[in-house]
Amino acid sequence: MRIQTFDLSKTYEKKNTALKNLTLDLNLNGIFSIIGRNGAGKTTFVRIMSTELMPTSGNGFINEMDVVSQATEVRQQIAVVPQEARPLPWLTPLQTVSSYLMWRGYSYREANEKGKEALRELGLEGKEREKSRKLSGGQKRKLMVATVISSEAPVVFLDEPTTGLDYLSRKELWQLLSKMKKDRLIILTTHYLEEAEILGDQIMILDSGKLVDIGKIDDLRAKVKLPYVLKVYSDNFKIEDNELQVHPVSEKETFVYGSATKIYGLMPYLVTNKMKFTVEEASLSNIFEQYLGGEEGENEKEDW
Amino acid sequence: MKRKIGSQILASILVNSVYAMINYPVVLINTLLAPLAILAVVTFASKGALLPVAAVGALIMNMVSSGTSLQQDLSHLKNDMRLQDMIVSSPTTSLVYIVGMAISEIVYSIPTLAFLVILNLIFVKITLLGGLIIFLDMATIFTFSISLGFYLSTFTSDIIQSWGFSGILSPLLTTIPPVYYPITYIPYPYRYLAYLSPTTYASEIAQSQTGFFNPGVAGFSTAWIVLLAITGALTYLALKRSRWREI
Numbered sequence: 539m540r541i542q543t544f545d546l547s548k549t550y551e552k553k554n555t556a557l558k559n560l561t562l563d564l565n566l567n568g569i570f571s572i573i574g575r576n577g578a579g580k581t582t583f584v585r586i587m588s589t590e591l592m593p594t595s596g597n598g599f600i601n602e603m604d605v606v607s608q609a610t611e612v613r614q615q616i617a618v619v620p621q622e623a624r625p626l627p628w629l630t631p632l633q634t635v636s637s638y639l640m641w642r643g644y645s646y647r648e649a650n651e652k653g654k655e656a657l658r659e660l661g662l663e664g665k666e667r668e669k670s671r672k673l674s675g676g677q678k679r680k681l682m683v684a685t686v687i688s689s690e691a692p693v694v695f696l697d698e699p700t701t702g703l704d705y706l707s708r709k710e711l712w713q714l715l716s717k718m719k720k721d722r723l724i725i726l727t728t729h730y731l732e733e734a735e736i737l738g739d740q741i742m743i744l745d746s747g748k749l750v751d752i753g754k755i756d757d758l759r760a761k762v763k764l765p766y767v768l769k770v771y772s773d774n775f776k777i778e779d780n781e782l783q784v785h786p787v788s789e790k791e792t793f794v795y796g797s798a799t800k801i802y803g804l805m806p807y808l809v810t811n812k813m814k815f816t817v818e819e820a821s822l823s824n825i826f827e828q829y830l831g832g833e834e835g836e837n838e839k840e841d842w
Numbered sequence: 025m026k027r028k029i030g031s032q033i034l035a036s037i038l039v040n041s042v043y044a045m046i047n048y049p050v051v052l053i054n055t056l057l058a059p060l061a062i063l064a065v066v067t068f069a070s071k072g073a074l075l076p077v078a079a080v081g082a083l084i085m086n087m088v089s090s091g092t093s094l095q096q097d098l099s100h101l102k103n104d105m106r107l108q109d110m111i112v113s114s115p116t117t118s119l120v121y122i123v124g125m126a127i128s129e130i131v132y133s134i135p136t137l138a139f140l141v142i143l144n145l146i147f148v149k150i151t152l153l154g155g156l157i158i159f160l161d162m163a164t165i166f167t168f169s170i171s172l173g174f175y176l177s178t179f180t181s182d183i184i185q186s187w188g189f190s191g192i193l194s195p196l197l198t199t200i201p202p203v204y205y206p207i208t209y210i211p212y213p214y215r216y217l218a219y220l221s222p223t224t225y226a227s228e229i230a231q232s233q234t235g236f237f238n239p240g241v242a243g244f245s246t247a248w249i250v251l252l253a254i255t256g257a258l259t260y261l262a263l264k265r266s267r268w269r270e271i
């Protein structure tokens, strides 16, 4: 699947710029995670590329079809679960999935068969005929994902699908998405960096409507100054080095961020003093912080 | 995959009326109450004299209610449930979606329509041609109200705004204008104000067939021309100017 944008920009009401000259060219299957602060432009990107919203300028293409001038063709290939979308409370899960499929053009019978299959795959069998309002938060989100996944659209947009879910429900959804990503591209926006790291085959960081970077987690890690984390479990550990970032977590636990050379240079000292420690690669959270520093985003107001 | 427009229309009908009626049967009497309440008041207040007018008026109100309900339903599905965004990004077109939703409003009010049609058959004495004219009149006012409902729904950003529109439209289009009573009951110069509402023309056409008002050939033709012009203009606006994809 190919996603391209050329100088894609969006300005709301002639003053609030949500996307600024975004240019990218991606050719991948799997999960494309988009991260950024509130107001970074994640939702605007998704809404433009899923043909819901007109860009102010620039172009976007899905599989080389223009999302503005060839929207009809693009819509055959995409499916989207918008942020805050939820099942209609007066419908059953089966009615929810099957009616969406009918809107996509499936016959009533096909839609029902595919709907049952999707609900079974998602572990919602037995709930087909309950009203959706009786489902838990996690089940409702699963149902929304089932709705679009069952359509077999090769490109699926999920705008913050796990927001508000507890950790276990999120994990269930992650398993589901990992299973569903074969042969399709899932474009996923999220505020959970752990989620973006675990799921994302490629990760895009946006800030104030601008592309900060894009790549696999290892590519992003390779570009930051402090790609390793040393975790020291000792109350005697003290160090001063301008090239290291030292974060005492508690009296007996200190995290040290630095380059491979610097971190491994500390090993003799730790071993000699019999201190317990672990060395890990920087997580996406660490990388994200390093990319964006602590600066306030220009648009840190609402989710665009 | 070959897209089936019939399935796309059926999806709107199922979601917006059939499933609601099956899953919550209480909604079956929803649409009946408003027209029936005014019909009863007018009938009792006129000691039965205005029953035929009010019975036809209730049909007009029912048609207009379809439009105000559509406006609320579309707004709810768009703003609260975000369903419309999912549909915009699907192969369904705005025209197919709106046709399905419009039909769903008719399906939703089938129990009411059935009751009102029976009432009209019993109490309203008209010719076959008169019946056909009233049917066309109802179809036109239904198209008008559906177009108005769709047009307004695309501008509402939340359900409160949507309720606001309905609260304004319902009395302005059905309760105050001469829908349940003959226009001759309104003294001049207030009668001119009544002509600001398209439902007044629809009522004149219907009442001319029930013998309660005689607008003459010129008046009858004028009522049709104005009603069709307003409906046509609004339908055009709804199709061309409404926002399917946001800007």
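So the sequences go chain by chain: A and B. In this text, residue positions in the first sequence follow our numbering: the first is 539, and each later residue adds one. In this text, residue positions in the second sequence follow our numbering: the first is 25, and each later residue adds one. C-beta atoms are modelled at their ideal positions from N, C-alpha and C, and glycine is treated no differently.
**Report entry** Cβ neighbour criterion (16 or more within 10 Å) applied to H100(B)
**Finding:** Buried.
**Report entry** Neighbourhood of V39(B) by C-beta distance below 6 Å, restricted to the same chain and skipping five residues each side
**Finding:** Correct list: empty, nothing qualifies.
Report task. Measure the alpha-carbon distance for P625(A) versus R667(A) and round it to whole angstroms. Result -> Distance between P625(A) and R667(A), taken at the CA atoms: about 14 Å.
**Report entry** Segment limits, beta strand (DSSP E) that includes S595(A)
**Finding:** Per DSSP, S595(A) is one residue of the beta strand (DSSP E) stretching across 595-600.
Requested in this report: Could you tell me which residues DSSP puts in a beta bridge with P786(A)?
Outcome: For P786(A), which the question treats as bridged, DSSP gives the partners T792(A).
Requested in this report: For my contact list, L726(A) and I569(A) are in at a C-beta cut-off of 8 Å; report their separation, rounded to the angstrom.
Outcome: Taking a contact as a CB-CB distance under 8 Å, the pair L726(A) and I569(A) counts as one, their CB atoms being some 6 Å apart.
Report task. Check each candidate in S31(B), T55(B), S89(B), S36(B) and name the one with the smallest Cα separation from F189(B). Result -> It is S89(B) whose Cα lies nearest to the Cα of F189(B).
Query raised in the report: In three-state terms, what does DSSP make of A617(A)?
Result: A617(A) sits in a strand when the DSSP states are folded into three classes.
Requested in this report: Name the one or two DSSP bridge partners that V817(A) has.
Outcome: Among the bridge pairs identified by DSSP, V817(A) is matched with L768(A).
Query - Among P765(A), V618(A), S588(A), Y730(A), nearest to D604(A) - alpha-carbon criterion - result: It is S588(A).
Query - Cβ contact check for the region 171-191 of chain B and the region 135-146 of chain B: 3 or more pairs under 8 Å - result: No: fewer than three Cβ pairs fall under 8 Å.
Query raised in the report: Are the C-beta of A623(A) and some C-beta of chain B separated by less than 7 Å?
Result: At a cut-off of 7 Å between beta carbons, A623(A) contacts chain B.
Query - Interface flag, Q32(B) vs chain A, CB-CB below 7 Å - result: When Cβ-Cβ separations below 7 Å define contact, Q32(B) makes contact with chain A.
Report task. Would you please state the rounded distance, in angstroms, between the beta carbons of V694(A) and I600(A)? I believe it to be under 8 Å. Result -> In fact, because the Cβ distance is near 11 Å, the residues do not count as touching under 8 Å.
Query - Environment of V809(A) [buried if 16+ CB atoms lie within 10 Å] - result: Exposed, because fewer than 16 other Cβ atoms sit within 10 Å of the Cβ of V809(A).
Query - Beta-carbon contacts of L140(B) that lie in its chain and below 8 Å, excluding the five residues immediately before and after - result: The beta carbon of L140(B) lies closer than 8 Å to those of P59, A79, A82, L83, N86 in the same chain, with the five residues before and after it left out.
Requested in this report: Check the Cβ of P620(A) against every Cβ in chain B and list those closer than 7 Å, keeping chain order.
Outcome: Chain B residues near P620(A): R106, D109, M110.
Query raised in the report: What residues in its chain sit with their C-beta under 7 Å from that of V148(B), if we drop five residues either side in the sequence?
Result: The answer, listed in chain order, is P76, A79, V80, T234.
Requested in this report: From the DSSP output, in three-state form, read off M742(A) for me.
Outcome: In the structure shown, M742(A) sits in a strand (DSSP, three-state: E or B).
Query - Segment contact, 8 Å Cβ cut-off, at least three pairs: the region 216-224 of chain B with the region 249-261 of chain B - result: Yes, the region 216-224 of chain B touches the region 249-261 of chain B.
Query raised in the report: Going by beta carbon distance, what residues of the same chain come within less than 7 Å of I29(B), once the five residues before and after it are set aside?
Result: Here the set comprises V120.
Query raised in the report: Taking the alpha helix (DSSP H) that R642(A) falls in, what are its first and last residues?
Result: For R642(A), no alpha helix (DSSP H) segment is defined, and its DSSP state is neither H nor E.
Requested in this report: Closer than 6 Å by C-beta to Y730(A): which residues in its own chain qualify, once you throw out the five before and the five after it? Chain order, please.
Outcome: Excluding residues within five positions, none has a Cβ falling inside 6 Å.
Query raised in the report: Listing by chain order, which chain A residues have their CB less than 7 Å from the CB of L145(B)?
Result: Near L145(B) there are no residues of chain A at all, since even the closest Cβ is about 33 Å away, more than 7 Å.
Query raised in the report: When the Cα atoms are used, what is the spatial distance from E833(A) to Q542(A)?
Result: Residue placement at E833(A) is poorly supported in this model, since its pLDDT is 49, which falls under 50; the coordinates still yield a value, given next. Their backbone Cα atoms lie some 29 Å apart in a straight line.
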